[in-house]
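Participant:
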Amino acid sequence: MGLDLEQSLLKLAEVRVGHDWAREMLAWLDAHRFMYFDDAREQPEYVWKAVDALRVKLVDMRSRVFDMDSDFGRALSGIETAVQEFIITLNDVRVDTIQVTWGDPDFATFSEALTRMRSRILKAVNVIMERENYAFRNIPVAWLEDSGDVVEFRFNN
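Using our numbering, the final residue of the sequence shown is 157, and nothing's skipped along the way.
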């Protein structure tokens, strides 16, 4: 009986602060340029550092979440999966030596992986974005177009 009560209290506490956590995560994503800068203006090594910071944030937030089947828990899992795929895709690439030009095959790999990660992160947080009635200030959601598996980012040059 005591364990059931404890778990119920943990879930209740999570529901109460879950809105704050969701808004904190959405604001964090919106404040980091790797989510919205044009690939040609982005520096791969800085993106790598930001993604690593996101991994640290995910570990911290995951440690606070009791119910991973909640909307927020599923959003965290989706972000985590997107980040892991990004890292795995770039596993054989020296990110600090990528030339930011479209002729460089490593840059093409980086750019495609970044676009895919952005897309998957946005799909993962869509439910909590709607639930929290949150509007990104920097992430160009208006520029997003659903194209099946991935969301395409279109930038005005």
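Don't be surprised by glycine CBs; every beta carbon is placed ideally from N, CA and C.
(1) Let me know the beta strand (DSSP E) ranges lying completely inside the stretch 18–82, each 3 residues or longer, listed in chain order.
(2) To the nearest whole angstrom, what separates the beta carbons of N138 and Y36, a pair I think is in contact under 8 Å?
(3) Using alpha carbons as the reference points, say which of R62, I87, N91 lies closest to S77.
(4) Whose CA, out of I128, T101, F136, lies closest to the CA of P41?
(5) Hey, D30 and F136 are a contact pair by Cβ (cut 8 Å); roughly how many whole angstroms apart?
(6) Am I right that A82 and V125 are in contact with their C-beta atoms under 8 Å? What's the rounded C-beta distance?
(7) In chain order, what residues of the same chain lie with their CB nearer than 8 Å to the CB of L114, ignoring the 5 residues before and after it?
(8) What residue from L58, D104, F110 has the CA that sits closest to A22's CA?
(9) With C-beta atoms as the reference, is M129 less than 8 Å away from L26?
(10) What residue from H19, T109, W28 has the CA that sits closest to L122's CA?
(11) Output the distance between the C-alpha atoms of G103 and I88, rounded to the nearest integer angstrom.
Facilitator: Well, looking at it:
(1) none
(2) As a position in the sequence shown, residue 138 is number 138, starting the count at 1. As a position in the sequence shown, residue 36 is number 36, starting the count at 1. 5 Å between Cβ atoms; contact.
(3) What you label residue 77 is simply residue 77 of the sequence shown in a count that begins at 1. Ranking the options by Cα distance to S77, first place goes to R62.
(4) Residue numbering aside, residue 41 sits at position 41 when the sequence shown is read from its first letter. Note that residue 41 is Arg in the sequence shown, not Pro. Nearest of I128, T101, F136 to R41, Cα basis: T101.
(5) Residue numbering aside, residue 30 sits at position 30 when the sequence shown is read from its first letter. Residue numbering aside, residue 136 sits at position 136 when the sequence shown is read from its first letter. Correct: roughly 5 Å between the Cβ atoms.
(6) Mapped onto the sequence shown, residue 82 falls at position 82. Mapped onto the sequence shown, residue 125 falls at position 125. At roughly 10 Å, the Cβ-Cβ gap does not stay under 8 Å, so A82 and V125 are not in contact.
(7) Within the sequence shown, residue 114 is the residue found at index 114, counting from 1. Within the same chain, L114 has close Cβ partners F34, D39, E42, V47, F86.
(8) Within the sequence shown, the letter at position 22 stands for residue 22. It is L58 whose Cα lies nearest to the Cα of A22.
(9) The residue given as residue 129 occupies position 129 in the sequence shown. The residue given as residue 26 occupies position 26 in the sequence shown. Closer than 8 Å, so yes.
(10) Numbered from 1 along the sequence shown, position 122 holds the residue referred to as residue 122. For L122, the nearest C-alpha among the options comes from W28.
(11) Translated into the one-based positions of the sequence shown, residue 103 becomes position 103. Translated into the one-based positions of the sequence shown, residue 88 becomes position 88. If you draw a straight line from the Cα of G103 to the Cα of I88, it comes to about 22 Å.
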